[in-house]
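Worksheet for the structure shown next.
Protein chains: 2
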Amino acid sequence: MFNTVTIVGVGLISGSFALALKDHGLAKKVIGVSRSGNSAKRALELGIIDEIGTIEEAVPVSDLIYVAIPVDATIPVMQQIMNLVKAPQIVVDAGSTKAALCASMATHPQRSRFVATHPMWGTEFSGPEAAVHKAFAGRACVICEKEKSDQEAVKVIENVYETIGMRMVYMGAEAHDVHAAYISHISHITSFALANTVLEKEKEEDAIFQLAGGGFESTVRLAKSSASMWVPIFQQNKEHVLDVLNEHISQLRKFKACLEKDNYEYMEELIENANKIRKILH
Amino acid sequence: MFNTVTIVGVGLISGSFALALKDHGLAKKVIGVSRSGNSAKRALELGIIDEIGTIEEAVPVSDLIYVAIPVDATIPVMQQIMNLVKAPQIVVDAGSTKAALCASMATHPQRSRFVATHPMWGTEFSGPEAAVHKAFAGRACVICEKEKSDQEAVKVIENVYETIGMRMVYMGAEAHDVHAAYISHISHITSFALANTVLEKEKEEDAIFQLAGGGFESTVRLAKSSASMWVPIFQQNKEHVLDVLNEHISQLRKFKACLEKDNYEYMEELIENANKIRKILH
Numbered sequence: 004m005f006n007t008v009t010i011v012g013v014g015l016i017s018g019s020f021a022l023a024l025k026d027h028g029l030a031k032k033v034i035g036v037s038r039s040g041n042s043a044k045r046a047l048e049l050g051i052i053d054e055i056g057t058i059e060e061a062v063p064v065s066d067l068i069y070v071a072i073p074v075d076a077t078i079p080v081m082q083q084i085m086n087l088v089k090a091p092q093i094v095v096d097a098g099s100t101k102a103a104l105c106a107s108m109a110t111h112p113q114r115s116r117f118v119a120t121h122p123m124w125g126t127e128f129s130g131p132e133a134a135v136h137k138a139f140a141g142r143a144c145v146i147c148e149k150e151k152s153d154q155e156a157v158k159v160i161e162n163v164y165e166t167i168g169m170r171m172v173y174m175g176a177e178a179h180d181v182h183a184a185y186i187s188h189i190s191h192i193t194s195f196a197l198a199n200t201v202l203e204k205e206k207e208e209d210a211i212f213q214l215a216g217g218g219f220e221s222t223v224r225l226a227k228s229s230a231s232m233w234v235p236i237f238q239q240n241k242e243h244v245l246d247v248l249n250e251h252i253s254q255l256r257k258f259k260a261c262l263e264k265d266n267y268e269y270m271e272e273l274i275e276n277a278n279k280i281r282k283i284l285h
Numbered sequence: 004m005f006n007t008v009t010i011v012g013v014g015l016i017s018g019s020f021a022l023a024l025k026d027h028g029l030a031k032k033v034i035g036v037s038r039s040g041n042s043a044k045r046a047l048e049l050g051i052i053d054e055i056g057t058i059e060e061a062v063p064v065s066d067l068i069y070v071a072i073p074v075d076a077t078i079p080v081m082q083q084i085m086n087l088v089k090a091p092q093i094v095v096d097a098g099s100t101k102a103a104l105c106a107s108m109a110t111h112p113q114r115s116r117f118v119a120t121h122p123m124w125g126t127e128f129s130g131p132e133a134a135v136h137k138a139f140a141g142r143a144c145v146i147c148e149k150e151k152s153d154q155e156a157v158k159v160i161e162n163v164y165e166t167i168g169m170r171m172v173y174m175g176a177e178a179h180d181v182h183a184a185y186i187s188h189i190s191h192i193t194s195f196a197l198a199n200t201v202l203e204k205e206k207e208e209d210a211i212f213q214l215a216g217g218g219f220e221s222t223v224r225l226a227k228s229s230a231s232m233w234v235p236i237f238q239q240n241k242e243h244v245l246d247v248l249n250e251h252i253s254q255l256r257k258f259k260a261c262l263e264k265d266n267y268e269y270m271e272e273l274i275e276n277a278n279k280i281r282k283i284l285h
């Protein structure tokens with residue numbers, strides 16, 4: 004049980020994390036730090052946080068500082084936080100990219116107080132209103148560069164994530180970013196591009212609205228995700244994302260060639276290969 | 004209430020339709036026709052159908068014949084059925100393409116007994132085990148070429164679909180196929196291609212399994228869909244699917260160019276445009 008936890012960012016991830024801490028009796032008091040006064044006020048009204056604070060006020064009085072803001076803002080904000088921290092305080096980030104942040108932390112004198120994590124949960128919504136109870140449960144949580152963190156601090160954080168229902172996975176920051184490009188970032192680009200395709204071609208929005216069934220909804224759901232969160236992710240993970248995006252375009256071109264050449268046997272092979280995903284997802 | 008309904012095909016759509024008829028007290032007896040003896044037996048065991056029959060046996064004794072089989076098989080099977088039918092019997096198909104079938108029916112002497120429909124519901128699963136109760140509810144059902152069907156027959160079928168919870172939408176067969184390419188067919192191609200991308204690049208299947216979160220699952224869910232159902236759909240709707248696929252590839256290339264040129268302002272615009280899908284989907 005932490006006496007005081009500060010969440011930096013009061014949105015989908017940090018807000019849901021704060022709710023999970025409270026639901027499991029893991030935090031007495033949660034302070035919320037946000038660049039947006041409105042968001043902080045809303046988080047307070049929603050009972051996600053108990054107080055609004057600034058980094059300078061909140062960090063020194065906190066046992067745990069949990070950072071979940073757009074990944075471009077994370078790097079400077081984390082420096083600011085880490086400069087205020089000393090043992091046994093723990094700083095955790097929840098960002099979708101890890102290599103740039105971990106590199107920026109590498110030589111910080113308090114590096115061992117920092118635990119780099121990526122809880123693999125999210126929705127297409129953002130802001131304090133998007134925070135939900137029982138988030139994270141049943142999903143994987145990646146810890147990167149475990150060996151660079153204080154081992155007691157890692158145990159505390161593992162215990163928190165496990166208590167809220169997550170499975171721990173360990174990998175290097177670079178390996179994390181490669182896998183994240185495959186498993187999360189490309190899905191978002193595909194979904195944004197698919198939404199733009201349909202919006203471009205299907206000028207009759209009424210037809211989309213009337214006809215869109217479950218298949219369409221599930222493939223474009225992620226296209227509702229916010230630009231302020233996703234542009235910095237794609238930027239920081241540019242190389243791996245480009246690599247996967249090139250492969251994806253070439254896979255789509257195979258379908259195109261099948262249609263153009265009326266090669267339906269090969270199309271059947273392509274689909275049967277795609278069906279192998281059944282073994283992996285349920 | 005129908006005395007006897009024959010479902011041709013005993014899979015996801017026809018099976019769920021049979022269950023919906025029974026759940027709403029709309030059919031006394033359901034006969035199942037299937038090329039696969041095993042599927043028919045399984046449908047009988049699952050209580051989806053009451054009897055197994057052949058087209059020759061079942062059609063003459065049925066008030067309603069409901070056809071939901073792969074769209075390439077539909078055309079010859081529908082000829083066979085229509086040659087056995089007379090008023091007041093009604094034949095309905097539920098296929099995902101409409102232009103080719105409607106063209107093949109255009110000059111049939113019993114054309115007016117046929118109602119061309121597309122209930123916009125489905126899942127990625129197939130076979131009698133995939134049939135579920137309460138399918139279809141809340142979704143749109145397209146009726147094509149309403150004016151070519153007997154108006155009493157149309158009313159009966161509208162009443163059935165509305166009773167099981169569907170909203171009716173009317174359009175020509177060609178217009179249907181254009182919209183279906185945008186709203187359903189391209190989502191499936193994207194999802195198949197995305198699964199192939201990840202399977203190709205991510206040789207460590209274990210990593211996919213461990214990390215895949217909700218976003219990935221929702222975009223690749225459709226990649227579990229069966230080739231025998233989807234190849235004929237893409238083939239029949241080739242021109243419209245190619246048109247949308249070309250647009251989709253060019254939308255993905257815009258994201259690629261943004262990354263290659265570090266043009267993150269334009270990427271933000273692309274994402275904000277994609278976000279407009281929020282207005283349409285909930």
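So the sequence lines, in the order shown, correspond to chains Z and W. Under my numbering, think of the first position of the first sequence as 4, with each following residue one higher. Under my numbering, think of the first position of the second sequence as 4, with each following residue one higher. Every residue, glycine too, gets a C-beta built ideally from N, C-alpha and C. A quick note: this is a predicted structure, and the numbers were derived from the prediction, not measured.
Would you decide whether residue i is buried or exposed? Buried here means 16 or more other CB atoms lie within 10 Å of its CB.
{"i": "Gln92(Z)", "result": "buried"}
{"i": "His4(W)", "result": "One point to set straight first is that residue 4(W) is Met, not His, in the sequence displayed. When all chains shown are included, Met4(W) counts as exposed."}
{"i": "Glu2(Z)", "result": "The question about residue 2(Z) has no answer here: the residues shown for chain Z are numbered 4 through 285."}
{"i": "Glu263(W)", "result": "exposed"}
{"i": "Glu165(Z)", "result": "exposed"}
{"i": "Gly40(Z)", "result": "exposed"}
{"i": "Gly14(Z)", "result": "buried"}
{"i": "Tyr269(W)", "result": "exposed"}
{"i": "Ala140(Z)", "result": "exposed"}
{"i": "Asp209(Z)", "result": "exposed"}
{"i": "Pro235(W)", "result": "buried"}
{"i": "Ala277(Z)", "result": "buried"}
{"i": "Lys204(W)", "result": "buried"}
{"i": "Thr57(Z)", "result": "exposed"}
{"i": "Gln154(W)", "result": "exposed"}
On the three-state DSSP scale, how would you describe residue i?
{"i": "Met171(Z)", "result": "strand"}
{"i": "Val36(W)", "result": "strand"}
{"i": "Val234(W)", "result": "helix"}
{"i": "Leu49(W)", "result": "coil"}
{"i": "Val8(Z)", "result": "strand"}
{"i": "Lys31(W)", "result": "strand"}
{"i": "Asp96(W)", "result": "strand"}
{"i": "Val70(W)", "result": "strand"}
{"i": "Glu271(Z)", "result": "helix"}
{"i": "Glu59(W)", "result": "helix"}
{"i": "Ala76(Z)", "result": "helix"}
{"i": "Asp246(W)", "result": "helix"}
{"i": "Asp153(W)", "result": "coil"}
{"i": "Ser65(Z)", "result": "coil"}
{"i": "Ala215(W)", "result": "coil"}
{"i": "Gln82(W)", "result": "helix"}
{"i": "Lys137(W)", "result": "coil"}
{"i": "Gln254(Z)", "result": "helix"}
Give a yes or no on whether the minimum CB-CB distance between residue i and chain B is below 8 angstroms.
{"i": "Ser39(Z)", "result": "As a matter of chain content, chain B is missing from the structure shown, whose protein chains are Z and W."}
Which residue or residues does DSSP assign as beta-bridge partners of residue i?
{"i": "Ile146(Z)", "result": "Thr120(Z) and Tyr173(Z)"}
{"i": "Phe128(Z)", "result": "According to DSSP, which records beta bridges pairwise, Phe128(Z) is partnered with nothing at all."}
{"i": "Glu54(W)", "result": "Ile34(W)"}
Using a Cβ cut-off of 7 angstroms, pull out every chain Z residue sitting near residue i, in sequence order please.
{"i": "Gly218(W)", "result": "Gly125, Ser187, Ser190, His191 and Leu225"}
{"i": "Ser194(W)", "result": "Thr222"}
{"i": "Glu271(W)", "result": "Ala230 and Val234"}
{"i": "Arg199(W)", "result": "The sequence given here places Asn at residue 199(W); Arg does not occur at that position. Ordered by position in chain Z, the residues that pass the 7 angstroms Cβ test against Asn199(W) are Gln254, Leu273, Asn276 and Ala277."}
For residue i, which residues of its own chain have a beta-carbon under 8 angstroms away from its beta-carbon, when the five flanking residues on both sides are left out?
{"i": "Arg224(W)", "result": "Glu127 and Ser194"}
{"i": "Gln82(W)", "result": "Ser107 and His111"}
{"i": "Cys261(W)", "result": "Tyr267, Tyr269, Met270 and Leu273"}
Output needed for residue i: all residues of its chain with C-beta closer than 7 angstroms, excluding positions within five of it in sequence on either side, in chain order.
{"i": "Ala102(Z)", "result": "Ala176, Glu177 and Asp180"}
{"i": "Val62(Z)", "result": "Thr9, Ile68, Ile84, Leu87 and Val88"}
{"i": "Pro131(W)", "result": "Val13, Gly14, Gly18, Ser42, Arg45, Ala46, Leu49 and Ile51"}
{"i": "Ile167(Z)", "result": "Ala23, His27, Phe139 and Ala140"}
{"i": "Gly185(W)", "result": "The residue you asked about is not Gly; residue 185(W) is Tyr in the sequence shown. Excluding residues within five positions, the ones whose Cβ falls inside 7 angstroms are Val247."}
{"i": "Ser99(Z)", "result": "Val74, His121, Ala183, Ser187 and Ile236"}
Below 9 angstroms on C-beta distance, what does residue i contact in chain W?
{"i": "Val74(Z)", "result": "Ordered by position in chain W, no residue passes the 9 angstroms Cβ test against Val74(Z), which lies about 13 angstroms from the chain."}
{"i": "Tyr164(Z)", "result": "What Tyr164(Z) touches in chain W: nothing, since even the nearest Cβ is about 14 angstroms away."}
Under 8 angstroms Cβ-Cβ, which residues of chain W neighbour residue i?
{"i": "Glu263(Z)", "result": "Leu245"}
Report the neighbours of residue i on chain Z: residues whose CB is nearer than 8 angstroms to its CB, in chain order.
{"i": "Ile34(W)", "result": "Those within 8 angstroms of Ile34(W) in chain Z number zero; the least Cβ separation is about 28 angstroms."}
{"i": "Ala30(W)", "result": "None at all; the shortest Cβ gap to chain Z is about 24 angstroms."}
What residues of chain Z sit near residue i, judged by a beta carbon separation below 9 angstroms?
{"i": "Gln239(W)", "result": "Chain Z residues near Gln239(W): none, gap ~11 angstroms exceeds 9 angstroms."}
{"i": "Ala215(W)", "result": "Met123, Ala143, Ile186, Ser187, Ile283 and Leu284"}
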